[in-house]
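Engineer: First residue of the sequence shown: 1437, per the working numbering; consecutive thereafter.
Beta carbons: idealized from backbone N, C-alpha and C, even for Gly.
Would you mind keeping the following structure in view while I ask a few things?
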Amino acid sequence: MLQAPHWFSEVYPHHGSAFSLKVSEKLHEEQSPFQRIEIYETEWFGTLMVIDGCTMVSDRDNYLYHEMMTHPALYTHPDPQTVWIIGGGDCGSLKEVLKHPEVGQAVQIDIDERVTRLAERYFPDLCSSNEDPRARLLFLDGIQWVREAAAESVDLIIVDSTDPVGPAEGLFNQAFYRECVRCLKPDGILAQQSESPLFHADLILAMRATMQQAGFAATRTLFFPQCLYPSGWWSGTLASKSPTGLSGFREAAARDKPFETLYYNADIHTAAFVAPEALGKRFHLAQ
Ligand code: SAM
């Protein structure tokens, strides 16, 4: 029997399930202008960040999400020099993006400066590349950022946001995707976290359809484990302006990557895009 206050639990009421971590201490809690942020020390997952009751990042498993939200898109793009990360305030995606020497500038645009300040204090490893001269940290609404940015000014946009409610809701609609299409260069790619294939397959299908209606020519979804998030099975969806933009990747470069990863490699890259039977049929029907 799980008993407060020794467990943090996130309940998924629409899916009759929950995820719990044994905690040893609540380190911090605050209401920022945008969301409620909590930090816990857990017994087995290191430090844990929770936003509006939803698990965001833990020391133990964040590498799965951060590596898979970045490296597949970076090795799919032919020459990613400029990268925007919308959201991503814990700075874990920024750290992975900056491992790529061809990236000349990575701009992180998170609406909530408090997420980054708390990450600097409680997740110093994730923030270890924040001083890289190629990094730029902005605290703005990502929707406003893409609306005001110049046309064809970026190679890769990574949307590392909270779930599509609250401040992140507008990062999942056609108006936002249209602005992304406008801002991306002709071989540009958008990569977005797209929730659980088990719990949110309809959302993934709707997202891909909306991306195509907004002007993206191709979409593909990749899958990876992530025990911290609902169902333990997560996804990212890529969209390219070019019809052939997602049909291959720089495999030789990925095999010879000049940096360490804990999960991503060239074989994982290929495998991650293979859709399981039931989902594969649904995705095929949707195209
Ligand atoms: N990996 C996490 C997940 O999928 O649960 C996401 C982590 S990251 C901390 C999510 C970030 O998105 C938060 O820091 C939040 O402030 C940011 N965010 C939400 N809406 C946003 C918006 N409209 N513009 C920019 N950042 C936004």
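Look at the alpha carbon of Tyr1573 and the alpha carbon of Ser1597, and state the distance between them as a whole number of angstroms.
Structural biologist: Taking the first residue of the sequence shown as position 1, residue 1573 is located at position 137. Taking the first residue of the sequence shown as position 1, residue 1597 is located at position 161. Looking at the sequence itself, residue 1573 is Leu, so the reference to Tyr does not match. So the alpha carbons of these two residues sit roughly 15 Å apart.
Engineer: Under three-state DSSP, which class holds Asp1638?
Structural biologist: Counted from its first residue, the sequence shown places residue 1638 at position 202. Asp1638 falls in the helix class under three-state DSSP.
Engineer: Whole angstroms are fine: how far does the CA of Leu1674 sit from the CA of Asp1623?
Structural biologist: As a first step, residue 1623 is located in the sequence shown; it is residue number 187 there, counting from the start. As a first step, residue 1674 is located in the sequence shown; it is residue number 238 there, counting from the start. Rounded to the nearest angstrom, the two C-alpha atoms are 13 Å apart.
Engineer: Quick check: does the Cβ of Pro1603 come within less than 7 Å of any heavy atom belonging to ligand 1?
Structural biologist: Counting from one through the sequence shown, the residue named residue 1603 turns up at place 167. Yes.
Engineer: First and last residue of the beta strand (DSSP E) that includes Asp1623?
Structural biologist: Looking up residue 1623 in the sequence shown gives position 187. From DSSP, the beta strand (DSSP E) with Asp1623 extends over 1620 to 1629.
Engineer: Buried or exposed, going by whether 16 or more other CB atoms sit within 10 Å of the CB of Asp1414?
Structural biologist: As displayed, the chain neither begins before 1437 nor continues past 1723, which places residue 1414 out of reach and without an answer.
Engineer: Ends of the beta strand (DSSP E) at His1464?
Structural biologist: As a position in the sequence shown, residue 1464 is number 28, starting the count at 1. Unbroken beta strand (DSSP E) run through His1464: 1453 to 1467.
Engineer: Grouping DSSP H, G and I as helix and E and B as strand, with all else coil, what is Leu1592?
Structural biologist: Working through the sequence shown from its first residue, we reach residue 1592 at position 156. It is a strand residue.
Engineer: Going by DSSP, name the residue or residues bridged to Trp1581.
Structural biologist: Taking the first residue of the sequence shown as 1, we reach residue 1581 at position 145. Looking at the DSSP assignment, Trp1581 forms no beta bridge with any residue, so it has no partner.
Engineer: Considering just the uninterrupted stretch of the alpha helix (DSSP H) at Ala1689, what are its terminal residues?
Structural biologist: By 1-based counting over the sequence shown, the position of residue 1689 is 253. Looking at the DSSP string, the run of the alpha helix (DSSP H) that includes Ala1689 is 1687 to 1691.
Engineer: Any heavy atom of ligand 1 within a distance shorter than 7 Å of the CB on Asp1495?
Structural biologist: Position 59 of the sequence shown, counted from the start, is the residue given in the question as residue 1495. Outside the cutoff, so no.
Engineer: Which of the three DSSP states is assigned to Gly1716 in this structure?
Structural biologist: Within the sequence shown, the letter at position 280 stands for residue 1716. The answer is helix: DSSP assigns Gly1716 an H, G or I state.
Engineer: Between Ala1702 and Tyr1511, what straight-line distance do the alpha-carbon atoms span, to the nearest angstrom?
Structural biologist: By one-based count along the sequence shown, residue 1702 stands at place 266. By one-based count along the sequence shown, residue 1511 stands at place 75. Their backbone Cα atoms lie some 9 Å apart in a straight line.
Engineer: Three-state secondary structure (DSSP) at Gly1602?
Structural biologist: The sequence position of residue 1602 within the sequence shown is 166, counting from 1. It is helical.
Engineer: In angstroms, rounded to a whole number, what distance separates the CA positions of Ser1445 and Val1493?
Structural biologist: To locate residue 1445, count along the sequence shown from 1; it is residue 9. To locate residue 1493, count along the sequence shown from 1; it is residue 57. Near 14 Å, if we compare the C-alpha coordinates of Val1493 and Ser1445.
Engineer: Would you check whether ligand 1 has a heavy atom nearer than 7 Å to the C-beta of Ile1579?
Structural biologist: In the sequence shown, residue 1579 corresponds to position 143, counting from 1. Because some heavy atom of ligand 1 lies under 7 Å away, the Cβ of Ile1579 counts as near it: yes.
Engineer: Take every Cβ of the region 1463 to 1473, pair it with every Cβ of the region 1559 to 1570, and state whether three or more of those distances are shorter than 8 Å.
Structural biologist: Output reads no: the region 1559 to 1570 does not touch the region 1463 to 1473.
Engineer: Check whether the Cβ of Val1459 lies closer than 7 Å to any heavy atom of ligand 1, and answer yes or no.
Structural biologist: Within the sequence shown, residue 1459 is the residue found at index 23, counting from 1. Outside the cutoff, so no.
Engineer: What is the rounded straight-line gap between the Cα of Gly1681 and the Cα of Glu1479?
Structural biologist: If you number the sequence shown from 1, residue 1681 lands on position 245. If you number the sequence shown from 1, residue 1479 lands on position 43. Computed Cα separation, rounded: 43 Å.
Engineer: What three-state label does DSSP hand His1442 in the structure shown?
Structural biologist: Taking the first residue of the sequence shown as 1, we reach residue 1442 at position 6. Reduced to three states, the DSSP call for His1442 is coil.
Engineer: Using a Cβ-Cβ cutoff of less than 6 Å, which residues in the same chain neighbour Val1519 once the five nearest sequence positions on both sides are dropped?
Structural biologist: Residue mapping note: residue 1519 aligns to position 83 of the sequence shown, counting from 1. The answer, listed in chain order, is Val1533, Val1539, Ala1542, Leu1592.
Engineer: Using CA atoms only, rank isn't needed, just tell me which of Ser1589, Leu1576, Gly1684, Leu1634 is closest to Ser1671.
Structural biologist: As a first step, residue 1671 must be located in the sequence shown, where it is residue number 235. Selected option, being the one with the closest Cα: Leu1634.
Engineer: To the nearest angstrom, how far is it from the Cα of Pro1684 to the Cα of His1705?
Structural biologist: Translated into positions along the sequence shown, residue 1684 becomes position 248. Translated into positions along the sequence shown, residue 1705 becomes position 269. The residue you asked about is not Pro; residue 1684 is Gly in the sequence shown. If I take the Cα positions, the gap works out to 10 Å.
Engineer: Taking all protein chains shown into account, decide if Lys1717 is buried (16 or more other Cβ within 10 angstroms of its Cβ) or exposed.
Structural biologist: By one-based count along the sequence shown, residue 1717 stands at place 281. The residue in question, Lys1717, is exposed, as its Cβ has fewer than 16 Cβ neighbours within 10 Å.
Engineer: Is any non-hydrogen atom of ligand 1 found closer than 7 Å to the C-beta of Tyr1501, if you look at the structure I gave you?
Structural biologist: Stepping through the sequence shown from its first residue, residue 1501 is reached at position 65. Yes; taking the cut-off as 7 Å, the Cβ of Tyr1501 has a heavy atom of ligand 1 nearer than that.
Engineer: Would the C-beta of Ser1632 count as close to ligand 1, meaning under 7 Å from any of its heavy atoms?
Structural biologist: Here residue 1632 refers to the residue found at position 196 when the sequence shown is read from its first residue. It does not: the Cβ of Ser1632 is nowhere closer than 7 Å to a heavy atom of ligand 1.
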